[in-house]
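Have a look at the structure below, then the notes.
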Amino acid sequence: MTSSSANNLKRPREPSPPPPSPPRKAKRPAGRARIPQAQVDQARRREQERENAHQQEHAPDASVASFVTQHYNAVPERGRDWRNTDSQIKGLRSYNNWVKSVLIKKFSPPSGRSKVLDMGCGKGGDLAKWQHQNLDLYVGLDPADVSIEQAKGRHRDMTKKARGRIFHAEFGVKDCFGESLDTVPVVRQVGFDKEMDVRWGGGGFDTVSMMFCMHYAFQNEDMARQMLKNVAGALKKGGKLIGVIPNSDVLSAKVEEYHKKHNPQPEEPANEAPKKTEAVAPKSDADPSPSKEEPKKAEESPPLEFGNTIYRVKFPNASILPADGTFRPPFGWKYFYFLEEAVDVVPEYVVPWEAFRALAEDFNLELEYRKSFMEVWDEEGRNREFGQLAERMKVKDRNGNLQVSDEERDAASLYHAFAFYKV
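Residues in the sequence shown are numbered consecutively from 0, following numbering that gives the first Met the number 0.
So, in structure tokens, the structure goes:
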């Protein structure tokens, strides 16, 4: 074949590429509106909660404290107007504040001009409650530095509105459960008794307050004892310790209920918690290889979880909880708590009541008052002063009806209020 003939032969044509797919049409802006933004935000929050809980479930003690501090630093200060109008838990917020107000009024010195130490003061949410008690001095301490700055700002605003007619206040960043308060200048100036000798009158404060925070001290025994040393060292003889914490009776009942449902066979009461007082960590965490003698019960058992749409309590490793509901030893029993708008799944610790009461006696603190949150309403709501206060705080209406939903009552029933006095 000649070259010219070869050149005249046509090569087979390569198939042409398919035309590009037309671009997908963008969804109409209204298309996304089919899923309410509230549901989208809730789904994102739930995912973040799961990640936080997974990270904190086996976190060492130091990182738990750091995580809690970071959490409360990050909680936004929304202001009173938002809390009274847009909050989804207005009734619960009002009720909790009313209970704290009752405690403050009931156990503050009647003569006034007293000195108050607020351990775990947070953003200063109780400053307005103390303003009605004719204080001489308020000292607020908290490990969260951002919260302390917000507390200072709140007191400055109160001072402007009161035109200077307000108690003197000092604030400081301090871990009241892990460190002695004798290093805080104003505490030392008012009076702090390191020896806590009953022969000498103790410290110089009339009242020590711990609202919704003391349960963090029961992470381990050292912290619980340091907390009580600080309380007893700061209080003068006859001074009062007041506070609110989760009620261990409620938690114990939930634990017993769990074991009756998931472990119907009778079991021996637990005599000890896991090592390092980290009660949520099963033995398999220390030795990841399963033992032939010990089945992987902790992995098979579902968590203990209860609550409703506004709050939740979760013990991830419920199988290691005591079958009889008695937390022994009384330190390190960790669970996770969530409260809508306020607490975004943080680790907390059970405060076994009788163990706490006995330990407090070792520090010359005698129990004077203990009521569940709903008992406070049943007993103090009939009091004329406290009843009028409840109406002003929108806890009840003019007809005496409690303005708290069933879910909010359920959330409030987790807590109890207490008062001790220094002997």
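Don't be surprised by glycine CBs; every beta carbon is placed ideally from N, CA and C.
Only a predicted model underlies this, so the values are computations on that prediction, with no experimental measurement involved.
Same chain, Cβ closer than 7 Å to A233, neighbours up to 5 away in sequence not counted: Residue numbering aside, residue 233 sits at position 234 when the sequence shown is read from its first letter. Correct list, in chain order: L116, L180, V186, F191, G202, F204 and V207.
Just to confirm, is the Cβ distance from F106 to K239 under 8 Å? Translated into the one-based positions of the sequence shown, residue 106 becomes position 107. Translated into the one-based positions of the sequence shown, residue 239 becomes position 240. Yes, they are a contact pair.
Local conformation of G90 per DSSP, three classes: The residue given as residue 90 occupies position 91 in the sequence shown. In the structure shown, G90 sits in a helix (DSSP, three-state: H, G or I).
When you compare only the Cα positions, how much space is there between Q149 and S300? Taking the first residue of the sequence shown as position 1, residue 149 is located at position 150. Taking the first residue of the sequence shown as position 1, residue 300 is located at position 301. Cα to Cα, Q149 sits roughly 43 Å from S300.
Three-state secondary structure (DSSP) at F385? Counting from 1 along the sequence shown, the entry for residue 385 is found at position 386. Of the three classes helix, strand and coil, the one that applies to F385 here is helix, per DSSP.
Would you mind working out which of N219, L320, V189 and K333 sits nearest A168, comparing C-alpha positions? Within the sequence shown, the letter at position 169 stands for residue 168. Checking every option, the nearest Cα to that of A168 belongs to V189.
Could you tell me which residues DSSP puts in a beta bridge with F335? As a first step, residue 335 is located in the sequence shown; it is residue number 336 there, counting from the start. Note: F335 sits in a beta bridge opposite K313 and P346.
Is H167 helix, strand or coil by DSSP? Numbered from 1 along the sequence shown, position 168 holds the residue referred to as residue 167. Correct three-state label for H167: strand.
Go ahead and label H214 buried or exposed: buried means 16 or more other beta carbons lie within 10 angstroms of its beta carbon, across all protein chains shown. As a working mapping, residue 214 is identified with position 215 in the sequence shown. Answer is buried; the Cβ neighbour count reaches 16.
May I ask you to verify whether the stretch 313-327 touches the stretch 238-258, counting CB pairs closer than 8 Å and requiring at least 3? yes
Sort N219, P329, C212 and L140 by Cα distance to V67 and report the nearest one. Counting from one through the sequence shown, the residue named residue 67 turns up at place 68. Closest by alpha carbon: C212.
Checking 8 Å against the spacing of the C-beta atoms, do F166 and D141 come in under that value? Sequence index remark: in the sequence shown, residue 166 carries index 167 (1-based). Sequence index remark: in the sequence shown, residue 141 carries index 142 (1-based). No, the pair does not count as a contact, with Cβ atoms beyond the cut-off.
Straight-line gap, P315 to Y334 (C-alpha atoms, nearest Å): As a first step, residue 315 is located in the sequence shown; it is residue number 316 there, counting from the start. As a first step, residue 334 is located in the sequence shown; it is residue number 335 there, counting from the start. P315 and Y334: Cα-Cα distance of roughly 7 Å.
CB-CB under 6 Å to K449, same chain, minus the five flanking residues each way: which ones, in chain order? Since the first residue shown for the chain is 0 and the last is 422, residue 449 is missing from the structure and cannot be characterised.
Would you mind sorting R112 into buried or exposed? The rule is 16 or more other CB atoms within 10 Å of its CB. Mapped onto the sequence shown, residue 112 falls at position 113. Its Cβ having fewer than 16 others within 10 Å, R112 is exposed.
Nearest to G331 by CA position, among D221, L102, A231 and H415, is which residue? Residue 331 sits at position 332 when you count from the first residue of the sequence shown. Ranking D221, L102, A231 and H415 by Cα distance to G331 puts D221 first.
Beta bridge counterpart(s) of R369 as assigned by DSSP: Taking the sequence shown and counting its residues from 1, the one referred to as residue 369 is at position 370. For R369, which the question treats as bridged, DSSP gives the partners F417.
Could you tell me the distance, in whole angstroms, from the CA atom of D361 to the CA atom of D174? As a first step, residue 361 is located in the sequence shown; it is residue number 362 there, counting from the start. As a first step, residue 174 is located in the sequence shown; it is residue number 175 there, counting from the start. Their Cα atoms are separated by approximately 22 Å.
Figure out for me which residue from E390, A410, L413 and S412 has the closest Cα to the Cα of Q402. By 1-based counting over the sequence shown, the position of residue 402 is 403. Among E390, A410, L413 and S412, the Cα nearest to that of Q402 is on E390.
Exposed or buried, what is R92 when buried is set at 16 or more other beta-carbons lying within 10 Å of its beta-carbon? Here residue 92 refers to the residue found at position 93 when the sequence shown is read from its first residue. Label assigned to R92: buried.
Short Cβ contact (8 Å threshold) for K128 with S146: In the sequence shown, residue 128 corresponds to position 129, counting from 1. In the sequence shown, residue 146 corresponds to position 147, counting from 1. Not closer than 8 Å, so no.
Give the DSSP bridge partners of K259, in chain order. As a position in the sequence shown, residue 259 is number 260, starting the count at 1. For K259, which the question treats as bridged, DSSP gives no partner whatsoever.
Going straight from the alpha carbon of L227 to that of P329, what length do you get? Sequence index remark: in the sequence shown, residue 227 carries index 228 (1-based). Sequence index remark: in the sequence shown, residue 329 carries index 330 (1-based). Cα to Cα, L227 sits roughly 15 Å from P329.
Give the list of continuous alpha helix (DSSP H) stretches no shorter than 4 residues that lie fully inside the stretch 171-208. 184-189
Determine the closest residue to A341 out of A64, H258 and Y71, with distance taken between C-alpha atoms. One-based indexing of the sequence shown puts residue 341 at position 342. Ranking A64, H258 and Y71 by Cα distance to A341 puts Y71 first.
Cβ-Cβ distance between Y414 and N246 below 8 Å: Numbered from its first residue, the sequence shown carries residue 414 at position 415. Numbered from its first residue, the sequence shown carries residue 246 at position 247. Their beta carbons are under 8 Å apart, which means Y414 touches N246 by this criterion.
Just curious, the beta strand (DSSP E) that G238 is in, first and last residue? The residue given as residue 238 occupies position 239 in the sequence shown. L234 to P245 is the span of the beta strand (DSSP E), which, as asked, contains G238.
Counted within 10 angstroms of its Cβ, other Cβ atoms place R155 as buried (16 or more) or exposed: Position 156 of the sequence shown, counted from the first residue, corresponds to residue 155. Exposed: under 16 other Cβ atoms inside 10 Å.
Closest residue to P184 among E384, K236 and V138 (Cα-Cα distance): Stepping through the sequence shown from its first residue, residue 184 is reached at position 185. Selected option, being the one with the closest Cα: V138.
Over the uninterrupted alpha helix (DSSP H) stretch that includes E304, give me the two end residues. Reading the sequence shown from its first residue, position 305 is the one you call residue 304. Element bounds for E304: not the alpha helix (DSSP H) but the beta strand (DSSP E), L303 to G306.
Identify the residues that DSSP records as bridge partners of G139: which are they? Here residue 139 corresponds to residue number 140 of the sequence shown, with the count starting at 1. Paired residues: D117 and F170.
Secondary structure at L320, three-state DSSP: helix, strand or coil? Within the sequence shown, residue 320 is the residue found at index 321, counting from 1. Looking at L320 - three-state DSSP - the assignment turns out to be coil, as it is neither helix nor strand.
Looking only at C-alpha atoms, which of E365, F337, T325 and I309 sits nearest to V350? Taking the first residue of the sequence shown as position 1, residue 350 is located at position 351. When only C-alpha atoms are compared, the closest one is T325.
Identify which residue in M195, Q130, K193 and E407 has its Cα closest to the Cα of G163. In the sequence shown, the residue the question calls residue 163 occupies position 164. Comparing Cα-Cα distances from G163 to each of M195, Q130, K193 and E407, the minimum goes to Q130.
Once DSSP output is grouped into helix, strand and coil, what is the label at L358? The sequence position of residue 358 within the sequence shown is 359, counting from 1. Residue state, collapsed to three classes: helix.
Count the other CB atoms within 10 Å of the CB of A223; is the residue buried (16 or more) or exposed (fewer)? As a first step, residue 223 must be located in the sequence shown, where it is residue number 224. Burial call: buried.
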